[in-house]
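Residue numbers (my numbering): -12 to 24. This report refers to the structure that appears directly beneath it.
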Amino acid sequence: MKPEQLEIERLRKEVAKLKAERDILKKATAYFAKDVI
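Here is the structure:
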């Protein structure tokens, strides 16, 4: 693998992780907002 390919692979994993975290935060926010109202 070329360094560029390794970097792309690493970034893809990072993006996937961030998307998962964002989805968890969205669900948590919706859950807590529902309780507050």
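For each residue, glycine too, the CB sits at the ideal point set by N, CA and C.
| Check | Outcome |
| --- | --- |
| Alpha-carbon spacing of Glu(-9) relative to Ala15, whole angstroms | 36 angstroms |
| Cβ-Cβ distance between Glu(-4) and Met(-12) below 9 angstroms | yes |
| Three-state secondary structure assigned by DSSP to Lys(-11) | coil |
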